[in-house]
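**Student:** Please read through the structure below; I'll follow up with questions.
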Amino acid sequence: MDKKEFYEIYNQLKSKYGTPVRYVKPYLADGIAVWKIDNYEISLSAPWVSWNMYLTYKYLPLSKLAEQSDKEVYQRETTKPKKGF
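When you read off a place in the sequence shown, starting at 1, and then add 52, the result is the number in our numbering.
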């Protein structure tokens with residue numbers, strides 16, 4: 053990933069959604085920009101050692117439900133008695 057690609061997408065998102073809540077320049081570190089708008093979280097990330105770039109949208113209420121469901125399944129599966137051979 054070229055740094056200018058990160059900045060192009062960053063500037064587009066910044067012009068639409070304003071200044072991000074969290075921003076780390078992609079210079080000797082992972083490039084990260086996070087916007088929080090109402091119930092949504094938009095994040096742009098570019099790992100420092102990779103050529104990939106990720107743009108993710110997260111609907112926070114649904115994300116919390118998924119995390120809660122994962123915890124319930126984990127608790128249910130780890131509290132089961134182990135069956136022998």
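The beta carbon of each residue, even a glycine, is placed where N, CA and C say it ideally should be.
Is it true that the CB of V76 sits closer than 9 Å to the CB of I89?
**Tutor:** For I89 and V76, no; Cβs fall outside 9 Å.
**Student:** By DSSP, does N81 sit in helix, in strand, or in coil?
**Tutor:** The question names Asn, but residue 81 in the sequence shown is Ala. Of the three classes helix, strand and coil, the one that applies to A81 here is coil, per DSSP.
**Student:** Give me whichever residues DSSP pairs with I89 in a beta bridge.
**Tutor:** Answer is Y92.
**Student:** Taking the CB atoms as reference points, tell me whether L114 and L107 lie closer together than 9 Å.
**Tutor:** The answer is no: Cβ separation not under 9 Å.
**Student:** Would you call the CB atoms of L112 and E93 closer than 9 Å?
**Tutor:** The answer is yes: Cβ separation under 9 Å.
**Student:** Starting from T130, follow the alpha helix (DSSP H) in both directions and report where the run begins and ends.
**Tutor:** Segment L112 to T130, the alpha helix (DSSP H) holding T130.
**Student:** Excluding the five sequence neighbours on either side, which residues of its own chain have a C-beta within less than 8 Å of the C-beta of I61, listed in chain order?
**Tutor:** Around I61: L96, M105 and L107.
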